[in-house]
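J.:
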Amino acid sequence: MKKQPKFLNLKAQTILIEVISALYIILFIYAALSKVQDFQKFKVELGKSPILNGCSNSIAVVVPGIELTLSVLLAMKRFQYYALYCSFCLMVIFSTYIIAILKFSSFIPCSCGGILQNMTWTQHLIFNLCFVCLAAAGILIYSQENKDLTRDKKGSLHP
Amino acid sequence: MIYNRFLILTLCFILSVSLVVLLYFLSVKISHNKNNFIRVIPSHKIVPNNIIDLKVGRWYLAGITHDSIYVGNLYTPRKLLKVDSAVKDTISYRLNFPNGTKLTRSYFNLIEKGTVYTLDGNQPILLTCDISELSLKLATKPPYFTQAVNVNKRSFVFRIVQNGENKLVRYRTDSSGFKESPNLLRKQVDGIFSTDGNLVAEPKSGKVFYVYYYRNEFICADSNLKLIYQGKTIDTNSIAKLKVAKIQSQNQTTLAAPPIEVNKRVAVNENFLFVQSGLIADNEVPESLESVSTIDVYAIKDGEYQFSFYLPDFNRKKLTDFRVYGKNLYALFDHYLYKYRLNF
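Order-wise, the sequence lines are chains B and Y. 1 is the number of the first residue of the first sequence in our numbering; add one for each residue after it. 1001 is the number of the first residue of the second sequence in our numbering; add one for each residue after it.
The following block contains the structure:
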């Protein structure tokens, strides 16, 4: 098998991946909590979406659920690599959804909570795409050695 | 190995995108089903005449006289453009407000019969002056309102909210308060959303029209708000298809699902009522409606449907406002003002 080219040494690589995961964890937990905190409002706002009108009720539960699950998985070294793939997918879905709303929908509903609410849809899209790139970068630099690292009780990583 | 990851990432990307695309197409299907009505679409009912670029900014039509069109700015209350009726030249005006005037985002300017009115239903406030002066003065304080049309020199018809319901009332600028009258609007689901609509007035006769957004109905009343007749638009949505929900944490009532908009915008001249429809007829193809706005024409005397015509998007901009004055139709496509001649 071809040996994976190494862009960075293990330490730098690990730090980068941990930072990316941490950013994702903060984003997901923040986003999920702001949805759950006023769940009824979130559900109503989601129902207004011209794209989701058939299944907004189940999506209202599933989305924060996935966000919370992923943030847990990202924190566990064993699943981190695969969780990055899932995060990548989720962010791509969100971004595509924003594009679909901006481009093809006759009216634009608002269903984000917290600070995300204050962003315009275009800012929101750029923000999302940054996260998409982060996840992709994290996946591409993830080496086998990094996968084999384990986290001790204090949270630091060891081979 | 790195190529494998690229491949998987690309695959993930494609899968995620197609999931949303799938959702999108499923939802489009729902909104494009049969509506059980037919449009008559004769050709050459309108003839393009001239067009002018108002440059950047969001605009709305504030008033039309026989020789000019007044265009207001959605973000700057002071700004007023006068376009000549040939739609060739613009003159920029700057309105002066009394000291300390603060307008909320619900302000708008009306120019009617040589008088400028600046209204803001949230404060509420009514400013007025002659168009030659451009220095507005405070008139008597009107009641709170959500829509307003001028019916003659001294009176307006307001849409107000009373006991959680929309209501049309007549207001005279030389009196305080409004004249109590029976409510012309009939509620269906709730008092606010189901009776939401567009209020327009025909300046010559003073007739007032209210066209509901979400059902196939409109009202024609005289300037004293006495009902003349109740008309029907051509589609079959006699009951507003609305889902209303309450968000307890904000004590707010809002729509819980995308509403089915039947009638979007309205304009009127001496003989006809022009209604921009949001629905597709059974003899139309969805693809052909993507870059046009459909206008249905009704006779004012009895509310009967006449025919329809299309206003195509201009430079990929959708219709944002339109008005009819005599045989001229003025349409705003974002910052382009387009003049059409009517052939009827």
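Where a beta carbon is used, it is the ideal one built from N, C-alpha and C, also for glycine.
With a threshold of 8 Å between beta-carbons, can Q13(B) be considered close to chain Y, or not?
T.: no
J.: Specify, as a first and last residue, the run of the beta strand (DSSP E) that S1293(Y) falls within.
T.: Per DSSP, S1293(Y) belongs to the beta strand (DSSP E) from V1292 to A1299.
J.: Whole alpha helix (DSSP H) runs in the stretch 64-112 of chain B with 4 or more residues, listed along the chain?
T.: Restricted to the stretch 64-112 of chain B, the alpha helix (DSSP H) segments that are unbroken, complete and at least 4 residues in length are 77-104, listed in chain order.
J.: How about D1282(Y) and N1035(Y): are their beta carbons less than 8 Å apart?
T.: yes
J.: Roughly how many angstroms separate the alpha carbons of N128(B) and S1092(Y), rounded to a whole number?
T.: 42 Å
J.: What did DSSP end up calling E1284(Y) once you bin it into helix, strand or coil?
T.: Residue state, collapsed to three classes: coil.
J.: At the level of alpha carbons, what is the spacing between I1300(Y) and T1233(Y)?
T.: 12 Å
J.: If you follow the alpha helix (DSSP H) that V132(B) is in, where does it begin and where does it stop?
T.: W121 to I141
J.: Taking three-plus beta-carbon pairs below 8 Å as touching, is the stretch 1308-1321 of chain Y in contact with the stretch 1334-1344 of chain Y?
T.: yes
J.: Output, in chain order, the set of chain B residues within a Cβ distance shorter than 7 Å of Y1060(Y).
T.: Result: empty, since nearest Cβ-Cβ is about 18 Å, beyond 7 Å.
J.: How big is the Cα-Cα spacing for I1131(Y) and K1243(Y)?
T.: In a straight line, the C-alpha of I1131(Y) is about 44 Å away from that of K1243(Y).
J.: Below 8 Å between beta carbons is the criterion; list the residues of the stretch 72-89 of chain B that meet it against any residue of chain Y, in chain order.
T.: For the stretch 72-89 of chain B, the beta-carbon criterion of a distance under 8 Å to any beta-carbon of chain Y is satisfied by Y85, F88 and C89.
J.: Closer than 8 Å, Cβ to any Cβ of chain B: which residues of the stretch 1014-1025 of chain Y, in chain order?
T.: L1015, S1016, V1017, L1019, V1020, V1021, L1023 and Y1024
J.: Around the Cβ of V1151(Y), are there at least 16 other Cβ atoms within 10 angstroms (buried) or fewer (exposed)?
T.: buried
J.: Looking at E1261(Y) and Y1214(Y), is the spacing between their C-beta atoms short of 8 Å?
T.: yes
J.: Helix, strand or coil for K1179(Y)? Go by DSSP, reduced to three states.
T.: strand
J.: Answer yes or no: does any C-beta atom of chain Y fall closer than 8 Å to that of T96(B)?
T.: yes
J.: Residues of chain Y with a CB under 7 Å from the CB of I51(B): which are they?
T.: L1023, Y1024 and S1027
J.: Which residues, in chain order, does the stretch 24-43 of chain B contribute to contact with chain Y at a C-beta distance below 7 Å?
T.: D38, Q40 and K41
J.: Counting only the same chain and skipping the five closest in sequence on each side, list residues whose C-beta sits under 8 Å from that of I1192(Y).
T.: V1161, G1164, E1165, N1166 and T1253
J.: Just the Cα atoms here: how many angstroms apart are Y1305(Y) and R1154(Y)?
T.: 33 Å
J.: Using DSSP's beta-bridge definition, name the partner residues of F1272(Y).
T.: A1299(Y)
J.: Below 8 Å CB to CB, which residues in the same chain sit around K2(B) once its five sequence neighbours on both sides are set aside?
T.: Since pLDDT at K2(B) reaches only 43, below the 50 mark, its modelled position is unreliable, and no value is offered.
J.: Which of the three DSSP states is assigned to S1308(Y) in this structure?
T.: strand
J.: Should the stretch 72-82 of chain B be regarded as contacting the stretch 41-48 of chain B, the criterion being three or more beta carbon pairs within less than 8 Å?
T.: no
J.: Let me see if you follow: with CB-CB separation under 8 Å, is T1294(Y) close to chain B or not?
T.: no
J.: Give me the Cα-Cα distance between M1001(Y) and V1056(Y), rounded to the nearest whole angstrom.
T.: Computed Cα separation, rounded: 51 Å.
J.: In terms of residues, what are the limits of the beta strand (DSSP E) holding Q1252(Y)?
T.: Q1252 to L1255
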